[in-house]
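Participant: Quick note on numbering: the sequence shown equals residues 414 to 957 in the numbering used here. Yeah, the Cβ is synthetic: ideal placement off N, Cα and C, and Gly gets one too. Once you've had a glance at the structure underneath, I'll fire off some questions.
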Amino acid sequence: MRVTRKVWLFTLFISLMTSSAALSDRQLEAVSYKITDQDLKTLQQAKEPEATQLPESLITALTPLQNIEYAMVDLFDNAVEQQLKTAGLPVDVYSGDQKTLIQHTAQKTHGMDDLAAIQWKSGGCGCVQDFTRVVYGFYPYWMGSDKKVDQPQNKKPENQSEKKDTPKETQTINFSLLSRIAYFAVYLDQTGRLQEHTPWRQEKHQAEFIKIAHKYRTKVDLVIHHPDWRTWYQTAMARESGMIKELVRLVTTCPMVDGVTLYFEAYPEKDAYAEKFKTLLDNLQTAFQKTEKPFSINVMMPAMSEKNQNAVRLFLSHVFPETHEDTQTNDPVDLLIVFLEQPTTYTKKEMRYAIEKEFKGYQRRNVLRKIVPVITPPVDPENQQFKDDLIYFENNFGGAGFWPLPAGGAGTVKQIAASVLSMFRKNEDYQILQIMLQNHSAGFCNWICPNRNLLKMIFWAFLLFLGVCGLGSTWICELRAFRKKYNGYFLGILLLDAAILISLLTCDPDLMNHSTEIFIILMIVLTFYMVFRQVRKMRQAGYP
């Protein structure tokens, strides 16, 4: 039995080493961790004597994690340990060969060869409203792919050329609950340049999903990933200017995104590294400021804990310098994206306490208001812990994030959306039109807002037509006769244009906050116009 077990472990070790070597020679591929139905069966079969023996209680403890995806191995390990504690098992049972086996079974490698074009639809959710905080959602590139994970790396799918960009079933995304969507990810190689082989293709048809998001006022960020900041720093910083130019080109050409999220793993505990990262962010900010469109710069980072406290503290202290004045600082980072470990009941408070302890005054406030904690969408949105987390995030941090973003039109997603909207939607003072139409505008606005640009074009076209005909008829008799002949049609166009305007003032978030002022101005203009017409008629009545 011992010989067989050693052979099995040796085979597993060779497999892991071969995979690592292949990844270093080839392009980087994304890795996530998820226990599927088949994985549980595989682990149950691993209880035989010739393999690593897994207790039945350990496999049972993994069942609640079924089909929950984790972005990092640390998050997966933490989730497993929490399930063991819940089941009353010692955490030590998840160690050694057993831990290696479970990690290897849960690891999912996502290739980039046969990705399907991303197709999104809203499901009638309406536009995202103005929130008190940011709601951030990650969209891993493999969510839009038909590619199967864990394929042998030396084996390519048959008919690969036929599968490439094969349309996939349209995914339903509830844009009303997402301020920003992060496309995960584009990878940097060891020289600091973007990989030639990437899931992000700068082709017109690939930009359609971004246009859909913008239609619903949701912004899209591009995640730039490198697995190790130390190695990248040593080999790539000399090429920093070229990398920044490449990033600017990437986000300012089709498909155009709204920002980048930098994800460098393994932050070192050295001042020089932190200072250089700050310089990189400053230079990237300067380059973006030279473009015609404002772009956001976000950073993914680990939560401040005992094992990485010094590295995170150094990074934050350089990016957010201490200040004694309540001024608007020109910070190069807009958001700090932090993946929270379980149980969030404690980890969210520990993260805040660590920030409170390390920083003070305006510096502390600036850091806390930039942090967006990321959690896994709950299986049961009615769970009180999920609601408690949202309350705490809204009150203490800069928002809330989800990995992956809630997708689909099922009731679970709708419940998540309802919880998020109730917690993060601004309690605005209703304008005149909102007060008049508040009982009828909800479903109506779900159509008006996404089509607001088309309606604006129609409104201005009608207004221009009416203005030209109205002013022209003052001096041109033929045009005056034409207008009188078809006066009913002109009146219909006027009423339709007024209805479009009222719809936009009621449902377009960019206009609705000023709808009262616009409404009053229009009433004044209309009053002056009516007075002008009446005076003109009275004068004309005096002519023979």
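If we count the other Cβ atoms within 10 Å of its Cβ and call it buried at 16 or more, is glutamate 393 buried or exposed?
Facilitator: Since the displayed the chain opens at 414 and closes at 957, residue 393 lies outside it and no answer follows.
Participant: Helix, strand or coil for tyrosine 600, going by three-state DSSP, please let me know.
Facilitator: Residue state, collapsed to three classes: strand.
Participant: Taking three-plus beta-carbon pairs below 8 Å as touching, is the region 917-928 in contact with the region 862-879?
Facilitator: Yes, they touch.
Participant: Around the C-beta of methionine 936, are 16 or more other C-beta atoms found within 10 angstroms, so that it is buried, or is it exposed?
Facilitator: Methionine 936 should be labelled exposed.
Participant: Could you tell me whether the Cβ atoms of alanine 626 and tyrosine 680 are closer together than 7 Å?
Facilitator: It is not a contact, given that the beta carbons lie outside the stated cut-off.
Participant: Between which two residues does the alpha helix (DSSP H) harbouring aspartate 921 extend?
Facilitator: Neither: aspartate 921 is in no alpha helix (DSSP H) and is coded neither H nor E.
Participant: Out of curiosity, what's the CA-to-CA distance linking valine 504 and serine 832?
Facilitator: About 33 Å.
Participant: Three or more C-beta pairs closer than 8 Å, one from the region 510-522 and one from the region 779-791: is that the case here?
Facilitator: Taking 8 Å as the limit for Cβ pairs, the verdict is that the region 779-791 does not touch the region 510-522.
Participant: Within 10 Å of its beta-carbon, does tyrosine 507 have 16 or more other beta-carbons around it, so buried, or fewer, so exposed?
Facilitator: Tyrosine 507 is buried by the Cβ-count criterion.
Participant: Counting Cβ pairs closer than 8 Å, one from the region 585-605 and one from the region 626-638, do we hit at least three?
Facilitator: These segments touch.
Participant: Could you give the DSSP three-state label for asparagine 808: helix, strand or coil?
Facilitator: Of the three classes helix, strand and coil, the one that applies to asparagine 808 here is helix, per DSSP.
Participant: Excluding the 5 residues preceding and the 5 following isoleucine 531 in the sequence, name in chain order all residues of the same chain whose CB lies nearer than 7 Å to its CB.
Facilitator: Gly557, Phe622, listed in sequence order.
Participant: Which residues does DSSP pair with lysine 632 in a beta bridge?
Facilitator: In the DSSP output, where bridge partners are listed per residue, lysine 632 has Arg593.
Participant: I'd like the span of the alpha helix (DSSP H) that includes threonine 825, first residue to last.
Facilitator: Start and end: 824-837.
Participant: Are the region 808-821 and the region 540-555 touching, with three or more C-beta to C-beta distances below 8 Å?
Facilitator: They touch, by the three-pair rule.
Participant: Within the continuous alpha helix (DSSP H) that includes alanine 474, where are the two ends?
Facilitator: Element bounds for alanine 474: 469-475.
Participant: Go ahead and pull the three-state DSSP assignment for alanine 813.
Facilitator: Reduced to three states, the DSSP call for alanine 813 is strand.
Participant: Taking 7 Å as the threshold (C-beta atoms), are cysteine 862 and glycine 655 in contact?
Facilitator: Against a cut-off of 7 Å, the Cβ pair of cysteine 862 and glycine 655 comes out as no contact.
Participant: If glutamate 659 sits next to leucine 693, beta carbons under 8 Å apart, how far is it from one beta carbon to the other, in whole angstroms?
Facilitator: Actually they are not in contact, since the Cβ atoms of glutamate 659 and leucine 693 sit about 13 Å apart, beyond 8 Å.
Participant: Since glutamine 828 and proline 794 should fall inside the 8 Å C-beta cutoff, what is the C-beta to C-beta distance between them, to a whole number of angstroms?
Facilitator: With a Cβ gap of about 4 Å, glutamine 828 and proline 794 count as contacting.
Participant: If asparagine 926 and glycine 537 are in contact, beta carbons under 8 Å, what's the gap, nearest whole angstrom?
Facilitator: Wrong, their Cβ atoms sit about 24 Å apart, outside the cutoff.
Participant: Just the C-alpha distance for arginine 949 and phenylalanine 701, rounded to the nearest angstrom, thanks.
Facilitator: If you take the alpha carbons of arginine 949 and phenylalanine 701, they lie about 56 Å apart.
Participant: On the CB-based measure, 16 or more other CB atoms within 10 Å of its CB, does proline 565 come out buried or exposed?
Facilitator: Summary for proline 565: the model assigns pLDDT 36, below 50, so the residue's position carries little reliability, and this model does not support an answer.
Participant: From methionine 669 to lysine 624, what distance separates their C-alpha atoms?
Facilitator: Rounded to whole angstroms, methionine 669 to lysine 624 spans 9 Å at the Cα level.
Participant: Under the three-state reduction of DSSP, which class applies to glycine 524: helix, strand or coil?
Facilitator: Coil at glycine 524, not helix or strand.
Participant: By DSSP's criteria, lysine 534 is part of a beta bridge. Which residues make up the other side?
Facilitator: Answer by DSSP bridge pairing, in chain order: Thr585.
Participant: Pull up the distance between the alpha-carbon of threonine 666 and that of arginine 630, whole angstroms please.
Facilitator: Computed Cα separation, rounded: 19 Å.
Participant: How about leucine 727 and alanine 767: are their beta carbons less than 7 Å apart?
Facilitator: The answer is no: Cβ separation not under 7 Å.
Participant: State the CB to CB distance for the pair phenylalanine 903 and leucine 884, rounded to an integer number of angstroms; the pair is presumed to be in contact (CB under 8 Å).
Facilitator: In fact, because the Cβ distance is near 13 Å, the residues do not count as touching under 8 Å.
Participant: List the residues that DSSP assigns as beta-bridge partners of isoleucine 931.
Facilitator: Paired residues: none, contrary to the question.
Participant: Going by DSSP in three states, glycine 880 sits in which element: helix, strand or coil?
Facilitator: Glycine 880: helix per DSSP, three-state reduction.
Participant: Can you say whether glycine 821 is buried or exposed, counting buried as having 16 or more other CB atoms within 10 angstroms of its CB?
Facilitator: That one is exposed.
Participant: Have a look at Lys628, Trp613, Pro612, Asp602 and flag the residue whose alpha-carbon is nearest the alpha-carbon of isoleucine 586.
Facilitator: With distances taken between Cα atoms, isoleucine 586 lies closest to Lys628.
Participant: Determine which residues share a DSSP beta bridge with glutamine 553 and list them.
Facilitator: A quick correction: the sequence has proline, not glutamine, at residue 553. Bridge partners of proline 553: Phe597.
Participant: If distances are taken between C-alpha atoms only, which option among Gly550, Leu528, Val444 comes closest to glutamate 582?
Facilitator: Minimum Cα distance to glutamate 582 is reached at Leu528.
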